[in-house]
Amino acid sequence: MQRVRLATVWLGGCSGCHMSFLDLDEWLIDLVSMVDIVFTPIADVKRYPEDVDVALVEGAIANHEHLEMIHRVRNNTKLLIAFGDCAVTGNVTALRNPLGPAINVLQSVYVDGVDLQGQIPQQAGIVPQLLDRVVPVHAVVAVDHYLPGCPPPAARIRAVIEELLGGGPAELDARDRLKFG
Numbered sequence: 003m004q005r006v007r008l009a010t011v012w013l014g015g016c017s018g019c020h021m022s023f024l025d026l027d028e029w030l031i032d033l034v035s036m037v038d039i040v041f042t043p044i045a046d047v048k049r050y051p052e053d054v055d056v057a058l059v060e061g062a063i064a065n066h067e068h069l070e071m072i073h074r075v076r077n078n079t080k081l082l083i084a085f086g087d088c089a090v091t092g093n094v095t096a097l098r099n100p101l102g103p104a105i106n107v108l109q110s111v112y113v114d115g116v117d118l119q120g121q122i123p124q125q126a127g128i129v130p131q132l133l134d135r136v137v138p139v140h141a142v143v144a145v146d147h148y149l150p151g152c153p154p155p156a157a158r159i160r161a162v163i164e165e166l167l168g169g170g171p172a173e174l175d176a177r178d179r180l181k182f183g
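According to the working numbering, the sequence shown is numbered sequentially starting from 3.
So, in structure tokens, the structure goes:
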């Protein structure tokens with residue numbers, strides 16, 4: 003039997019969902035005996051692989067690097083789960099949206115908020131080019147399931163993973179799993 007290829011991805015967010023994933027504690031040892039973790043910010047893997055079975059995607063889409071990554075993830079993943087409130091709704095990451103286009107945010111941070119010679123970084127590789135609006139994952143690619151929470155508690159993450167590994171559909175619409183915040 004082929005092992006499930008699991009990935010976790012971190013886009014525009016605080017990494018709280020990944021910290022909650024790590025709160026699975028000892029169960030992580032059981033998990034790695036059942037799956038191959040093929041991509042995660044917790045390990046030093048540079049390129050998202052092909053043929054991923056399940057991906058937990060944390061964070062909203064806030065810049066062009068996120069856009070490229072989420073398309074790569076969707077194209078190479080069978081089951082994509084929006085992991086946490088930022089991925090599901092934009093949440094805290096999208097708080098910059100009322101400020102208008104990205105240039106307004108950059109101007110405020112890099113020019114208006116400095117004492118000497120403020121300038122917006124323009125050199126490639128310094129700051130990824132921001133999108134004018136932060137959007138949740140489903141605004142860019144198809145999402146198969148949503149796992150809300152800020153962050154989702156470890157027990158909820160475990161229950162969903164166990165259901166998926168058991169071959170059944172994840173019961174993400176159960177009332178106790180639809181809690182935000």
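We put the CB at the ideal spot given by N, CA and C, even for glycine.
Please read these numbers as outputs of a predicted model, since none were measured by experiment.
With 16 other Cβ atoms within 10 Å as the buried cut-off, status of residue i
i: Asn77; result: exposed
i: Ile105; result: exposed
i: Val40; result: buried
i: Val75; result: buried
8 angstroms Cβ cutoff met for residue i and residue j
i: Ala89; j: Val137; result: no
i: Pro153; j: Met71; result: no
i: Val113; j: Gly120; result: yes
i: Gly86; j: Glu67; result: no
i: Val37; j: Leu69; result: no
i: Leu81; j: Asp146; result: yes
i: Thr10; j: Thr42; result: yes
i: Val107; j: Leu133; result: no
i: Ala161; j: Leu26; result: no
i: Asn99; j: Arg49; result: no
Distance, residue j Cα to residue i Cα
i: His140; j: Glu28; result: 32 angstroms
i: Val56; j: Ala144; result: 14 angstroms
i: Val6; j: Leu167; result: 8 angstroms
i: Arg158; j: Cys19; result: 11 angstroms
i: Ala64; j: Gly14; result: 6 angstroms
i: Asn93; j: Pro103; result: 18 angstroms
i: Ser35; j: Val142; result: 33 angstroms
i: Leu118; j: Gln125; result: 19 angstroms
i: Pro51; j: His73; result: 12 angstroms
i: Gly151; j: Val116; result: 35 angstroms
i: Gln4; j: Val111; result: 49 angstroms
Beta bridge counterpart(s) of residue i as assigned by DSSP
i: Tyr50; result: According to DSSP, Tyr50 bridges with nothing at all.
i: Asn65; result: Leu132
i: Trp12; result: Glu60
i: Thr79; result: Val54
i: Ile39; result: Leu8
Integer-rounded CB distance, given that residue j should sit under 8 angstroms from residue i
i: Tyr148; j: Ala96; result: About 16 angstroms separates the two Cβ atoms, so there is no contact after all.
i: Leu33; j: Ile163; result: 7 angstroms
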